[in-house]
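In the numbering used here, the protein residues as written are 2 to 89.
Report on the structure given below.
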């Protein structure tokens, strides 16, 4: 693989990681701020969920987001960065 293509892929993965991280932080803040509002009461009533079950769903969501960001975007980015360093 050419070095320019590797650098492009690395930069793409870094930017994707940053956007995903910003999205996760935004969703976390919105969830925290709106947890005890009319929206959550409506969700609980519509899907017959309790506070504990909703907490488990939110925790599972953020765990999956963390795994995807770290292992699908950041780890390949670090590996590509390491490849670029060894080629120079």
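Backbone N, C-alpha and C fix where the C-beta goes; we use that ideal spot for every residue, glycine too.
If you draw a straight line from the Cα of residue 9 to the Cα of residue 72, it comes to about 19 Å.
Taking a contact as a CB-CB distance under 8 Å, the pair residue 63 and residue 29 counts as one, their CB atoms being some 7 Å apart.
For residue 16, the enclosing alpha helix (DSSP H) has its first and last residue at 4-34.
Boundaries of the alpha helix (DSSP H) harbouring residue 64: 52-68, taken from the DSSP string. When the Cα atoms are used, residue 35 and residue 11 turn out to be separated by approximately 36 Å. Only exposed fits residue 60, as fewer than 16 other CB atoms lie within 10 angstroms of its CB.
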